[in-house]
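These notes concern the structure reproduced below.
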Amino acid sequence: MRIRVVATLLFFGSASTAAEITHGPILGRLSSSGIGVWARTKQPGEFHVRYGTTPESLDQTSGVAHTNLDRDNTGWVHITGLEPYTTYYYEVMGEPGSRSPEELRGDFRTLPNADTHRHVQFNPDGLFNFRFEYACGNQQRVDPSLPTFRTMLERIEASIDFAILDGDWMYEEVREYTADQWRMQSAARTTPRIVGLAPTIMGVWENYKLYLKRGKNLAAWHREVPSFFMFDDHEILNDVNGTGTPGLRNRRAVFRDIGIEAWYHYLGWSNPVDWSQNIHFGRAELKAGQDIIVDSSADFRELKMSESGTLTIHWGTPDAGVNNTQLDRIGGDPNAGVYEITEIVDRNRLRVSPAPKQDGEASYSVGRFNHFRQKITNTEFFYVDTRSHRQMHDLSNPFIEGVS
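Numbering (numbering that gives the first Met the number 0), first residue to last: 0 to 403.
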């Protein structure tokens, strides 16, 4: 570990493109030997983390986290090789801008492991107790600063090991954010691919930034308490259903992958997910009545069908991510909807069901798996994704066999 730190320090001495830190840090990916530290920068650049076992001696340095436009200038660094059941103090190193040093600092405690609690006679398996906080929902309507998190920081932060936020980390606001606004904010000279294919992702990015900026107590909580996350509907769109029902035309369902992609940029990175396949975005040529879609820039042979969700053709309007029920019934690409991938035909072609209704060209995406399991001592956690593959229900017959 000492050799690794020296090498890193030499690297920083040779070059520096540190950028201004605008949001974060957020702690995640906690284990008995590691922690993840997330931040967002004003423009593409990099940051690193200084850390140590006393606040006066941050004598160790992480690797470099690079931030880029296609993730809204967010990034995270995984610090490994830590001692189990040990308190560390840290500071994110970048340009602080208008933020105080206290907003870039915090502390955390690594999880125990079997060796920290093993006793040959009384505890040969090294089992141990731990505590965590669990919640769902960060509604800011009553008090945008979210004072509950201040209370929890004062009363329980020292006694818990981590937190689980089971969805609704935010509620839909500023989803109309425009490309011009985003380019000015992010110092973007070019348009990243994801923005070209799914421009409404910029509104979701802005939604996260608003909650972190306005929710001062929420931001303070994430600086001190490592968290694991699962999304629910509001990370996508309120009451999103039918993402697993081919043939469904629904504005909310086809926003699934745009919302989840932004969630990974801001929160989902924290989860130790085993699935290797990310959401696939592209632009396809469609023919009315023909069940083949063509994307000349794709290589569909790389798709793992065993890790793929449904394919969605996007709504395609600037307000596609806005939570307004009146928008559900108007506009949208004529082929927008949920499709099943029935065959990978070749490099550039997929067979889907149902067939598109009109000739045209549209942005699309293929969903991914997001659920995962986590074992801590003799306890297993199952983080279940209840939105990505949910079929459309029938309120008049809620017990239809085979409908998830």
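Glycine is no exception: its CB is placed at the ideal position from the N, C-alpha and C atoms. Bear in mind the structure is a predicted one, so any value in this text is a computation, not a measurement.
### Task
Name, in chain order, the residues that DSSP records as bridge partners for Gly-74.
Position 75 of the sequence shown holds residue 74. BP columns for Gly-74 point to Ala-38.
### Task
Go through its chain and collect everything with a Cβ distance to Pro-143's Cβ below 7 Å, but skip five positions before and after it.
The sequence position of residue 143 within the sequence shown is 144, counting from 1. These residues qualify, in order along the chain: Arg-213 and Gly-214.
### Query
Looking only at its own chain, which residues have a Cβ that is under 7 Å from the Cβ of Lys-356, when we skip the five neighbours before and after it?
For the purposes of this step, residue 356 is identified with residue 357 of the sequence shown, where counting begins at 1. Correct list, in chain order: Ala-287, Pro-333 and Asn-334.
### Task
Would you tell me roughly how many angstroms separate the C-alpha atoms of Phe-161 and Pro-83, rounded to the nearest one?
Taking the sequence shown and counting its residues from 1, the one referred to as residue 161 is at position 162. Taking the sequence shown and counting its residues from 1, the one referred to as residue 83 is at position 84. Those two C-alpha atoms are separated by around 14 Å.
### Query
Assuming Ile-200 contacts Ile-257 under a Cβ cut-off of 8 Å, what Cβ separation, rounded to an integer in Å, is found between them?
One-based indexing of the sequence shown puts residue 200 at position 201. One-based indexing of the sequence shown puts residue 257 at position 258. With 8 Å as the limit, Ile-200 and Ile-257 qualify as a contact, their Cβ atoms being about 5 Å apart.
### Pair within 7 Å by beta-carbon distance, Asn-347 and Ala-297
Walking along the sequence shown from the start, residue 347 turns up at place 348. Walking along the sequence shown from the start, residue 297 turns up at place 298. For Asn-347 and Ala-297, yes; Cβs fall inside 7 Å.
### Query
Using CA coordinates, which residue listed in Tyr-176, Glu-101 and Asn-216 is at the minimum distance from Leu-145?
For this step, residue 145 is matched to residue 146 along the sequence shown. For Leu-145, the closest alpha carbon among the candidates Tyr-176, Glu-101 and Asn-216 is that of Asn-216.
### Query
With a CB to CB cut of under 7 Å and the five nearest residues on each side skipped, what residues in its chain are close to Pro-245?
Taking the first residue of the sequence shown as 1, we reach residue 245 at position 246. Apart from sequence neighbours up to five positions away, the residues of its chain that approach Pro-245 with a beta-carbon distance below 7 Å are Thr-309, Val-337, Tyr-338, Glu-339, Ser-352 and Pro-353, ordered along the chain.
### Close-in-space but distant-in-sequence residues of the same chain around Asn-277 (CB under 7 Å, 5 per side omitted)
Reading the sequence shown from its first residue, position 278 is the one you call residue 277. Answer for Asn-277: Arg-367, listed in chain order.
### Query
Apart from the five residues on each side of it in sequence, which residues of its chain come closer than 6 Å, Cβ to Cβ, to Thr-115?
Start at 1 with the first residue of the sequence shown, and residue 115 comes out as number 116. The beta carbon of Thr-115 sits closer than 6 Å to those of Pro-83 and Tyr-84, all from its chain and outside the five residues before and after it, given in chain order.
### Message
Check whether the region 171–185 and the region 238–255 touch, using three or more Cβ-Cβ pairs below 8 Å as the test.
### Response
As far as the Cβ criterion goes, the region 171–185 does not touch the region 238–255, which means the pair count is below three.
### Burial state of Met-151 (16 or more Cβ within 10 Å)
Along the sequence shown, one-based indexing puts residue 151 at 152. By the 16-neighbour rule on beta-carbons within 10 angstroms, Met-151 is buried.
### Query
With distances taken between CB atoms, is the gap from His-279 to Val-365 smaller than 7 Å?
Position 280 of the sequence shown holds residue 279. Position 366 of the sequence shown holds residue 365. Taking 7 Å as the Cβ cut-off, His-279 and Val-365 qualify as a contacting pair.
### Task
With distances taken Cα to Cα, identify the nearest neighbour of Met-408 among Leu-236, Ser-185, Gly-23 and Ser-226.
Absent from the model: residue 408. The displayed extent of the chain is 0 to 403, so no value can be given.
### Message
From the DSSP secondary-structure annotation, give me the bridge partner or partners of Gln-59.
### Response
In the sequence shown, counting from the first residue as 1, residue 59 sits at position 60. Answer is Tyr-50, bridged to Gln-59.
### Message
Tell me the residue span of the beta strand (DSSP E) that contains Lys-286.
### Response
For this step, residue 286 is matched to residue 287 along the sequence shown. It is not in any beta strand (DSSP E) - Lys-286 carries neither H nor E in the DSSP assignment.
### Query
Thinking C-beta only, is Phe-228 closer than 7 Å to Ser-269?
Locating residue 269 in the sequence shown gives position 270, counting from the first residue. Locating residue 228 in the sequence shown gives position 229, counting from the first residue. In contact: Ser-269 and Phe-228 (Cβ atoms closer than 7 Å).
### Query
Pick from His-65, Ser-395, Arg-386 and Arg-140: whose alpha carbon is nearest that of Gly-243?
What you label residue 243 is simply residue 244 of the sequence shown in a count that begins at 1. Nearest C-alpha to Gly-243: Arg-386.
### Query
Expressed to the nearest angstrom, what Euclidean distance is found between the alpha-carbon atoms of Val-203 and Lys-303?
Translated into positions along the sequence shown, residue 203 becomes position 204. Translated into positions along the sequence shown, residue 303 becomes position 304. Val-203 and Lys-303 have their C-alpha atoms spaced approximately 27 Å apart.
### Task
Please determine, among Asp-106, Arg-28, Trp-37 and Gln-289, the residue with the shortest C-alpha to C-alpha distance to Leu-57.
Locating residue 57 in the sequence shown gives position 58, counting from the first residue. For the set Asp-106, Arg-28, Trp-37 and Gln-289, the Cα lying nearest the Cα of Leu-57 is the one of Asp-106.
#### Entry: Same chain, Cβ closer than 8 Å to Glu-223, neighbours up to 5 away in sequence not counted
Indexing the sequence shown from 1 puts residue 223 at position 224. So the qualifying residues of the chain are Leu-26, Gly-105, Asp-106, Phe-107, Leu-152 and Glu-156.
### Query
Just the Cα atoms here: how many angstroms apart are Asp-384 and Gly-166?
Looking up residue 384 in the sequence shown gives position 385. Looking up residue 166 in the sequence shown gives position 167. Spanning the two alpha carbons is a distance of roughly 10 Å.
### Gln-120 to Glu-55 span [Cα, whole Å]
Indexing the sequence shown from 1 puts residue 120 at position 121. Indexing the sequence shown from 1 puts residue 55 at position 56. About 39 Å.
### Query
Mind checking whether Leu-81 and Thr-109 have CB atoms under 7 Å apart?
Sequence index remark: in the sequence shown, residue 81 carries index 82 (1-based). Sequence index remark: in the sequence shown, residue 109 carries index 110 (1-based). Between Leu-81 and Thr-109, the C-beta spacing is below 7 Å.
### Sequence-distant residues of the same chain with beta carbon closer than 8 Å to Asn-408, five excluded per side
Absent from the model: residue 408. The displayed extent of the chain is 0 to 403, so no value can be given.
### Query
Ends of the alpha helix (DSSP H) at Pro-146?
Start at 1 with the first residue of the sequence shown, and residue 146 comes out as number 147. For Pro-146, the enclosing alpha helix (DSSP H) starts and ends at 146–154.
### Check whether Ala-361 and Ile-312 have beta carbons under 7 Å apart
Looking up residue 361 in the sequence shown gives position 362. Looking up residue 312 in the sequence shown gives position 313. Taking 7 Å as the Cβ cut-off, Ala-361 and Ile-312 qualify as a contacting pair.
### Message
Closest to Ile-78 by C-alpha separation, out of Val-272, Lys-41, Leu-29 and Arg-70, would be which residue?
### Response
For this step, residue 78 is matched to residue 79 along the sequence shown. Nearest option by C-alpha distance: Leu-29.
### Task
State yes or no: is the beta carbon of Ile-259 nearer than 7 Å to at least one beta carbon in chain D?
Looking at the structure shown, chain D is missing, and only one protein chain is on hand.
### Query
DSSP on Phe-324, reduced to helix/strand/coil?
Here residue 324 refers to the residue found at position 325 when the sequence shown is read from its first residue. Rather than Phe, the amino acid found at residue 324 in this sequence is Thr. In the structure shown, Thr-324 falls within a helical segment according to DSSP collapsed to helix, strand and coil.
### Neighbourhood of Glu-400 by C-beta distance below 7 Å, restricted to the same chain and skipping five residues each side
Along the sequence shown, one-based indexing puts residue 400 at 401. Counting only residues of its own chain and dropping the five nearest sequence neighbours on each side, Glu-400 has no CB closer than 7 Å to any other CB.
### Message
Please list the terminal residues of the continuous alpha helix (DSSP H) segment that includes Ile-399.
### Response
If you number the sequence shown from 1, residue 399 lands on position 400. Premise fails: Ile-399 is in no alpha helix (DSSP H) and is neither H nor E.
### Task
Determine, using beta carbons only, whether Val-36 and Val-76 come nearer to each other than 7 Å.
By one-based count along the sequence shown, residue 36 stands at place 37. By one-based count along the sequence shown, residue 76 stands at place 77. In contact: Val-36 and Val-76 (Cβ atoms closer than 7 Å).
### Task
Pull up the distance between the alpha-carbon of Arg-350 and that of Leu-285, whole angstroms please.
On the sequence shown, residue 350 is found 351 positions in, with the first residue counted as 1. On the sequence shown, residue 285 is found 286 positions in, with the first residue counted as 1. Taking the straight line from one Cα to the other gives about 11 Å.
### Task
Identify, in the order they occur along the chain, each residue of the same chain with its Cβ nearer than 7 Å to the Cβ of Thr-16, setting aside the five sequence neighbours on each side.
Numbered from its first residue, the sequence shown carries residue 16 at position 17. Hits under 7 Å: Gly-44 and Glu-45.
### Query
By DSSP, does Leu-110 sit in helix, in strand, or in coil?
In the sequence shown, the residue the question calls residue 110 occupies position 111. When DSSP states are grouped into helix, strand and coil, Leu-110 belongs to the coil group.
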